[in-house]
Amino acid sequence: MRINVLQHTPNEGPGAIQTWSHKHQHEMYIYHPYQFGILPKIDETDMLVILGGPMSPNDHDDWIVQERQLIKEAMTKNIPIFGACFGAQQIAKTLGYKIGKAKKEVGWAPVYLQSDVIPGLPKKLTALHWHEETFEIPDGADLLFSSDLLKNQGFVMNHRIIGLQFHFEPLADNVREMVVNDGSYTAGNYLKQTPADILAHPVPTENEAIMNKLLDYICE
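If you use my numbering, the sequence shown corresponds to residues 401 to 620, in order.
Printed below as a string of C-alpha cells:
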C-alpha cells in the first residue's frame, strides 16, 4: 500500500504513523506542499495522511485549496484518510464545515471517548494538544473524542475517515522536536503548561497502540 503523507511544518512529522507503516511493510511518501507546492496524484494514493501545522484552512494559499481537492478525490474513491490537527480541520472544511477559533490548548491533557464505533478504545487517554482552532463535526460522522476545554476533539466517518484535533502520533523524539522549535507557542495557553512541563511529561505508552488501532480501523 502506498501511504501519501502531507506534512505542513518540519517539526510535525508522521511519528508513530511511520512506525505503523514500516510494521505493515507499506511504502510511505512524505510531501511538503507548504514548501515545494507538490501534492500526490490520487491514482498513486492508497491512503492519505494529513498532518498538523501552524496554518489555517481559512487561509487562501493555493496549496491549501489544492490539498482539499485531493481530499475530496480521496473521499470519492473511498480511500482511507487520517487527519491530525490542521489535517482534521482540512477534512471538515472539504466537507463544507466551518473552522473557527477555540481555547488555546498546548500540552498534555485528557481526552474522553464519546463513541464506541471503534471497538476497544479506552474511555480516557492523555494526548498532546497544540492548537487554537477547531472544526464542526460533519453530518454523518460520529463525535469520537472530547476534552475538558473543547467538545469537538475528534470524529470518525464512513469507516474510512478519522480526524483528530490533538496528537496521538508523536513519539518522544517528535515531542522534543516540536518543543525545541515551537515552544514559544505555549504562551497564553489554557492548559498553563510551559515547554519544560511538556518535555517532563512522558509520552503515554498506550498512545502508539491507539494510533495503530485507529489506522487499522480505517484500512480494514
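For every residue, glycine included, the Cβ atom is placed at its ideal position computed from N, Cα and C.
Buried or exposed: GLU569, going by 16 or more other Cβ atoms within 10 Å of its Cβ? Looking up residue 569 in the sequence shown gives position 169. So GLU569 ends up on the buried side.
Tell me the DSSP secondary structure of MET611 in three-state form. Stepping through the sequence shown from its first residue, residue 611 is reached at position 211. The answer is helix: DSSP assigns MET611 an H, G or I state.
Which residues mark the beginning and the end of the alpha helix (DSSP H) in which LEU599 is found? Residue 599 sits at position 199 when you count from the first residue of the sequence shown. 595 to 600 is the extent of the alpha helix (DSSP H) around LEU599.
DSSP state of GLY583 mapped onto helix, strand, coil: The residue you call residue 583 lines up with position 183 of the sequence shown. If DSSP states are grouped into helix, strand and coil, GLY583 belongs with the helices.
Please classify ALA488 as buried or exposed, where buried requires at least 16 other C-beta atoms within 10 Å of its C-beta. Looking up residue 488 in the sequence shown gives position 88. If you draw a 10 Å sphere on the C-beta of ALA488, you find 16 or more other C-beta atoms in it, and that means buried.
Which residue wins for smallest C-alpha separation from THR605, given the options GLU473, LEU571, LYS498 and ASN589? Locating residue 605 in the sequence shown gives position 205, counting from the first residue. Taking only the C-alpha atoms, the option nearest THR605 is LEU571.
Taking all protein chains shown into account, do 16 or more other C-beta atoms lie within 10 angstroms of the C-beta of HIS531, making it buried, or fewer, making it exposed? Taking the sequence shown and counting its residues from 1, one reaches residue 531 at position 131. Buried: at least 16 other Cβ atoms inside 10 Å.
Kindly indicate the opening and closing residues of the alpha helix (DSSP H) around TYR590. Working through the sequence shown from its first residue, we reach residue 590 at position 190. No alpha helix (DSSP H) contains TYR590, which DSSP labels as neither H nor E.
In chain order, what residues of the same chain have a beta carbon less than 7 Å from the beta carbon of ILE537, not counting five sequence neighbours either side? Locating residue 537 in the sequence shown gives position 137, where the first residue counts as 1. Counting only Cβ-Cβ distances below 7 Å, and skipping sequence neighbours, we find LEU543, ASN552 and PHE555.
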